[in-house]
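Going by the numbering used here, the sequence shown opens with residue 208, and the numbers climb by one from there. Glycine included, C-beta positions come from ideal geometry on N, C-alpha and C. In this text the structure is predicted, and so the values were computed from the model without any measurement.
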Amino acid sequence: MHLPGHQFTGQGTQLLRGKTRLNPDLTHKEWSKPINQVDESAYKHDVCYIKNKDTETRNKVGDSNMIKELDEIPNPTIRERIEKTIVKPIIKA
């Protein structure tokens, strides 16, 4: 389930199986481009999870990097502000 319109923000993103959203080099496919800065941050978070198999590293690196990126989005739109408010507590949990 993703945030409306998003390709990567949400649980259960098909990354490497089935109708995968990523190429073998972990770049996103043309049809699955992130729609905004929050979705771009989620894409990077997903790639970090793929590259780091152990849970502790994934949580420490991937989650903290995503929270930092969300906090540093330059000139966020109203939509991005709302999405950050939804996403950050989930990542911190």
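query                                                                                                                                     : result
Roughly how many angstroms lie between the CA atoms of I289 and Y256, to the nearest whole one?                                           : 24 Å
Distance check for T284 and T216, CA to CA, integer angstroms please.                                                                     : 16 Å
What span of residues does the alpha helix (DSSP H) with D253 cover, start to end?                                                        : Q244 to K258
For the putative contact between Q214 and P241, defined by C-beta atoms under 8 Å, what is the C-beta separation to the nearest angstrom? : 6 Å
Mind checking which residues open and close the alpha helix (DSSP H) that includes I298?                                                  : I285 to K299
Kindly indicate the opening and closing residues of the alpha helix (DSSP H) around I274.                                                 : S271 to D278
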